[in-house]
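Residue 101 is where the sequence shown starts when you use this note's numbering, and the numbers rise one by one after that. Beta carbons are placed, not taken as given, at the ideal position from N, Cα and C, and that holds for glycine. So the structure is just underneath, and the comments pick up after that.
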Amino acid sequence: MKVVKAIINDAKQIHKLVNSHAEQGQMLARPLSEIYENIRDFFVIRDGDKVLACAALHISWSDLAEVKSLAVETERRRQKLGTALVQACLDEAASLGIPTIFCLTYQPVFFGTCGFKLVEKKELPHKVWGECYRCPKFPDCDESAMTFNATVPAHV
101 MKVVKAIIND
111 AKQIHKLVNS
121 HAEQGQMLAR
131 PLSEIYENIR
141 DFFVIRDGDK
151 VLACAALHIS
161 WSDLAEVKSL
171 AVETERRRQK
181 LGTALVQACL
191 DEAASLGIPT
201 IFCLTYQPVF
211 FGTCGFKLVE
221 KKELPHKVWG
231 ECYRCPKFPD
241 CDESAMTFNA
251 TVPAHV
């Protein structure tokens, strides 16, 4: 199984996977329309036509992107699928010349193993909070903010 860019036919499965994790309080729910609008942000791992795991790299600004909507089918956890997806996001950010990648997560230990470091939420630029206003936990967010500083190729 390998990490590939999502296609439009993956949207409904991504939606179901992400929202099943959201129902368990592990991430923010996403409407199907948002998945379609941002399908080019997503990477997936499939087994045949079935999406087993997904993650998105969403560009916030010229120097900042977010890893979001990382979800792995429960029975496929501990198989390094999440790690492979995060690495694909980091690789794409580096290829685009984006030096800082952040995430808001309930899984700081996992993201720490991927090279992310905990930061104070107030260290993140205000522009990253646009989506947070829709969250039922706003303004009392209990997610951890983490950043990854990439080595960007000189040719970018």
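Secondary-structure assignment with DSSP links I159 through a beta bridge to A165. Only buried fits N119, as 16 or more other CB atoms lie within 10 angstroms of its CB. Of the other Cβ atoms in all chains shown, fewer than 16 fall within 10 Å of the Cβ of V219; this residue is therefore exposed.
For I135, the enclosing alpha helix (DSSP H) begins and ends at L132 to E137. If you keep only unbroken alpha helix (DSSP H) runs of at least 4 residues inside the stretch 165-211, you get 181-196. Contact check for L170 and L185: beta-carbon distance about 6 Å, within the 8 Å limit, so the pair qualifies. Setting aside the 5 residues that flank it on each side, I198 is surrounded in the same chain by I159, S162, D163, L164, A165, A250 and V252, each with a C-beta closer than 8 Å to its C-beta; the list follows chain order. For D147, the three-state secondary structure derived from DSSP is strand.
Just so you know, the alpha carbons of R177 and A122 end up roughly 16 Å apart.
Residue range A111 to E123 is occupied by the alpha helix (DSSP H) that includes L117.
For L218, the enclosing beta strand (DSSP E) covers residues K217 to V219.
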